[in-house]
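These notes concern the structure reproduced below.
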């Protein structure tokens, strides 16, 4: 959580790739999931407390914070997924059936096998689960769902 | 295999001659298929390589690694900090009866390239998302890019009767540029060899690495479950076998129905030296391609554990001819016998340094068996290890300067490596079964060893970093592997 929050002003541009994330985003709520198959359950269990947002940490300013935040793997799931079955990693469109292999390649160099999903609010459960299944195929066990804090739009 | 040089010189040998010569094999019989199909010729695809066409460069001598690539060529790199990602889709069968071969060659090439772990090999079951190209012009680079590939292999196989023509090209996905292209022709006897050859050449060109895809293993095996014919005692025989480095093409070499154990390769990989328990244990050399078996010790005393010197002219071995086990060196033709060690305790299992100037061996002169080294002239003896029990040293090839050995680590044994520069010992295996008798691959990056981790003793290979264990043998019990150049 602090890593993401550390994205401070200079990280603003980084987060524009999420369709739903505003360019001036300074805080993100992250819901880490232990098991993607439990994701549904956990969402509702965790969503309520998370609505109040996590503990806010005023991190010291450090030039390296940008690097840490970019180590996270973000998968963007825009509403256009419904038409073309494409998600985005680093602004690169990737067909859903190629996603497992691409994520597997990325995970080789990561110590934490966690993927953060920036999904459009209009994405339905079926679509969400398609992505979960593919991520699980890639060996990802933790999926974080990213949401904007209330009033942040 | 050294005789694969025929590929480069374009010599065409008829494998039938080979068969005839070997059919006359005495105790050492080699089945023709155990030898590489020798009719592969090599030609550069003229439109392929921007560089040297026509005369193929001779392969650099395998004994010196690493080597310079024979020609300047484009090297495919991956993302910073990651190995380049390779895809090897099925080759295109240009004749209907080549379909199976096209699949086999692609799969074996994938395995070969994966073995050195210098590339990230994209799993072949993910290629279904990419449309298959029927020609190099059709390669869907965008789709390979989407799958994360930095390099993609395109290959074709054409079969005309028994003649096979295999074309292998390597493309950089980003630039869509061909960086490697070779054509091989030969028989259909061993399609895996086309893949092995291409793999070694790609490793050399792209990574300046001497791959081991064409090397072979030898080991002794009791798989045929015969009983010893002689009067020694009623036990199962062991015979010497060879196989490809990946365990394919396993062939029986000795047929003497005796205990044939501890084989080692000659540096040119054309002969095996081993111990045979006939009336008395003695050393024999089987010349695989001549079908000849020789006895360099000429039946004097009991002789065990022969190992060829790196130049192939001498054999170090252990003999009890002077009353207790000592290390001796003799020329391959049986001349110039010299005793290297002289101690009332037992000295055994010699191994040569890569330069042939030193010999490491095991001695129990200090109580428990430990590894010692001594000059090939018998001088400058010193002790290396301080284990509870150390056995079976094998000296690594250059550029590594280390000795792998078997060490007791509890109820069983594990493989350890002694670094001669630092004097430090590290472990390769960690108590999964008993792990014994290490042998280095010619590039020093891998070790073969025998282990009980899967039940009976079987031959496995492992990276020198202790990763990437592969089981090579499965039939019967298989012991004391050695790795060819």
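Residue numbers (the working numbering), protein chains in the order written: chain A, 905 to 1057; chain B, 95 to 579.
Glycine is no exception: its CB is placed at the ideal position from the N, C-alpha and C atoms.
Rounded to the nearest whole angstrom, the CA to CA distance from residue 251/B to residue 238/B is 22 Å. For residue 1005/A, the neighbours in chain B by C-beta distance under 8 Å run, in chain order, 216, 217, 220, 241 and 242. Straight through space, the alpha carbons of residue 550/B and residue 422/B are spaced by roughly 33 Å.
Within the region 277 to 354 of chain B, the complete beta strand (DSSP E) segments of 3 residues or longer fall at 310 to 315 and 333 to 338, listed in chain order. Here residue 262/B really is in contact with residue 292/B; their C-beta atoms are around 4 Å apart, less than 8 Å. Each of 446/B, 369/B and 418/B was checked against the Cα of residue 408/B, and the nearest Cα belongs to 446/B. Secondary structure of residue 569/B (DSSP, three-state): coil. A Cβ-Cβ separation of about 11 Å leaves residue 986/A out of contact with residue 1034/A under the 8 Å criterion.
The closest CA to that of residue 520/B, considering only 497/B, 531/B and 505/B, is found on 497/B. Considering only 398/B, 361/B and 574/B, the residue with the shortest C-alpha distance to residue 406/B is 361/B. Close to residue 1013/A, with beta-carbon spacing below 9 Å, are these residues of chain B in chain order: 173, 175 and 176. At a Cβ-Cβ threshold of 8 Å, residue 355/B and residue 369/B count as neighbours. The beta carbon of residue 513/B lies closer than 8 Å to those of 495, 496, 519 and 520 in the same chain, with the five residues before and after it left out. Contacts with chain A (Cβ-Cβ distance below 7 Å) from the region 261 to 280 of chain B involve no residue at all. Rounded to the nearest angstrom, the gap between the Cα atoms of residue 475/B and residue 466/B is 7 Å. Counted as a single uninterrupted DSSP element, the alpha helix (DSSP H) harbouring residue 193/B occupies residues 193 to 209. For residue 1002/A, the closest Cβ of chain B is nearer than 8 Å.
The residue from 233/B, 209/B, 395/B and 258/B with its alpha-carbon nearest to that of residue 195/B is 258/B. In this structure, residue 260/B lies away from residue 221/B, with their beta-carbon atoms at least 8 Å apart.
In this chain, residue 240/B is not harboured by any beta strand (DSSP E); it is covered by the alpha helix (DSSP H) spanning 235 to 240. A direct Cα-to-Cα measurement between residue 312/B and residue 556/B gives close to 16 Å. A Cβ-Cβ separation of about 6 Å places residue 440/B in contact with residue 458/B under the 8 Å criterion. In terms of Cβ geometry, residue 413/B and residue 420/B form a close pair [threshold 8 Å]. The beta carbon of residue 398/B sits closer than 6 Å to those of 369, 375 and 412, all from its chain and outside the five residues before and after it, given in chain order. Residue 561/B is outside the set of residues whose beta carbon lies under 8 Å from a beta carbon in chain A. Per DSSP, the beta bridge partners of residue 1023/A are 981/A. Using a Cβ-Cβ cut-off of 8 Å, residue 291/B does not count as an interface residue toward chain A, since no Cβ of chain A sits closer than that to its own. Residue 492/B and residue 978/A have their C-alpha atoms roughly 44 Å apart. Taking 8 Å as the threshold, the shortest C-beta distance from residue 989/A to chain B does not fall below it. Residues of the region 195 to 215 of chain B with a C-beta less than 9 Å from any C-beta of chain A: 214, listed in chain order. Within chain B, the residues 223 and 240 have their CB atoms less than 8 Å from the CB of residue 999/A, given in chain order. Secondary structure of residue 1004/A (DSSP, three-state): helix. Per DSSP, residue 388/B lies in no alpha helix (DSSP H); the unbroken beta strand (DSSP E) holding it starts and ends at 386 to 388. When the alpha-carbon of residue 434/B is set against those of 425/B, 410/B and 448/B, the nearest one is in 410/B. Of the candidates 256/B, 265/B and 533/B, the residue whose Cα lies closest to the Cα of residue 279/B is 256/B. Nearest to residue 578/B by alpha-carbon distance, out of 563/B, 559/B, 537/B and 343/B, is 537/B.
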